[in-house]
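Asker: So that we are looking at the same thing, I have put the structure below in structure tokens.
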């Protein structure tokens, strides 16, 4: 038994968005029915061509493996000797969420892109943070904002979002516009809940998504959240439906008002 306990064992169910599991089962059902239909078509038509869909697990496996290798060979590994203060944040988040092992963490060149993500390969889990996002904590001294980001990504891992079987189970559904993206938005709310539990004082760091790493300190978080009530309409809902992340106005509103879950639709 490690100091972190077993993965997922201590996951607080209140952190998971209430629509996530429902959407997950729908996506898994779509993938399962597609595979069953493929077998049936192959048998009735005496053709092996439909069986090509069975290569999807291998495709998911190799895509995950390639992505992990890319971070390892091109990124900067965050350790107790290299960016130790950030390494400690990763350890703190892993411990807070009951992970059996802290994930690997990498700093990768952003080239102007503000992003962070969590994934895995085999039994390994890792988070990667682009340099442009990393700078808000290391260069600008806003460690709270970076703690929120790391809490969000480690939250994805704690919630099981980086699992191979989960990603394979929703792989076919991801090809259907609005279906896989809806599950993804629910997962983002779940990860935000983890981040808020881990470092609520860093929530202002999300303003970097709206204004960038230089201007975000001057952004009024509440003003963006308020626009969730005023900026509405068909095209707003369409943009949200096709997006893998909740639109900023809804996301900010969910983080400000903790009494109800964020809007997925």
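In the UniProt record's numbering, the protein residues as written are 1 to 265.
Yeah, the Cβ is synthetic: ideal placement off N, Cα and C, and Gly gets one too.
The structure presented is a predicted model; accordingly, all values stated were derived computationally and were not measured.
#1: Look up residue 219 in the DSSP assignment and say whether it is helix, strand or coil.
#2: Suppose only complete runs of 4+ residues qualify. What are the alpha helix (DSSP H) ranges in the region 172-239, listed by chain order?
#3: In angstroms, rounded to a whole number, what distance separates the CA positions of residue 184 and residue 73?
#4: DSSP puts residue 124 in a beta bridge; with which residues?
#5: If I'm right that residue 225 touches residue 256 with Cβ under 8 Å, what's the distance once you round it to whole angstroms?
#6: Taking all protein chains shown into account, decide if residue 201 is buried (16 or more other Cβ within 10 angstroms of its Cβ) or exposed.
#7: Skipping 5 residues on each side, what residues in its chain have a beta carbon closer than 7 Å to that of residue 16?
#8: Could you round the C-beta distance between residue 53 and residue 38 to whole angstroms and report it? I think they count as a contact, below 8 Å.
#9: Go ahead and pull the three-state DSSP assignment for residue 255.
#10: Touch check for the region 153-167 and the region 209-227: three-plus C-beta pairs under 8 Å?
#11: Confirm, please, whether the CB-CB distance from residue 85 to residue 116 is below 8 Å.
#12: What are the residues that DSSP puts in a beta bridge with residue 142?
#13: Report the partner residues of residue 129 according to the DSSP bridge assignment.
#14: State whether the region 173-187 contacts the region 116-128, with contact taken as three or more CB pairs (one from each stretch) at a distance under 8 Å.
#15: Find out if the Cβ-Cβ distance for the pair residue 128, residue 75 is shorter than 8 Å.
#16: Please work out which residues of its chain come closer than 7 Å, Cβ to Cβ, to residue 242, disregarding the five sequence neighbours upstream and downstream, and give them in chain order.
#17: Going by DSSP, what residue range makes up the alpha helix (DSSP H) through residue 38?
Answerer: If we stick to the structure as given:
#1: Coil, per DSSP.
#2: Given a length threshold of 4 residues, each whole run of the alpha helix (DSSP H) inside the region 172-239 is given here in chain order: 180-198, 208-215 and 221-230.
#3: As the crow flies, the alpha-carbon of residue 184 is around 28 Å from that of residue 73.
#4: Answer by DSSP bridge pairing, in chain order: 121.
#5: With a Cβ gap of about 4 Å, residue 225 and residue 256 count as contacting.
#6: Exposed, because fewer than 16 other Cβ atoms sit within 10 Å of the Cβ of residue 201.
#7: So the qualifying residues of the chain are 159 and 190.
#8: Rounded, the Cβ-Cβ distance is 5 Å, consistent with contact.
#9: Here residue 255 sits in helix by DSSP.
#10: Using a Cβ-Cβ distance cut-off of 8 Å, the region 153-167 and the region 209-227 are not in contact, since fewer than three pairs of beta carbons, one from each stretch, lie closer than that value.
#11: Between residue 116 and residue 85, the CB-CB gap reaches or exceeds 8 Å.
#12: According to DSSP, which records beta bridges pairwise, residue 142 is partnered with nothing at all.
#13: DSSP, once it has assigned bridges, lists 107 and 116 as partnering residue 129.
#14: Taking one beta carbon from each stretch, the region 173-187 and the region 116-128 have fewer than 3 pairs nearer than 8 Å; the two do not touch.
#15: Inclusion of residue 128 and residue 75 in the CB contact set at 8 Å is warranted, their separation being smaller than that value.
#16: Counting only Cβ-Cβ distances below 7 Å, and skipping sequence neighbours, we find 177, 178 and 181.
#17: Counting along the chain, residue 38 sits inside the alpha helix (DSSP H) bounded by residues 20-45.
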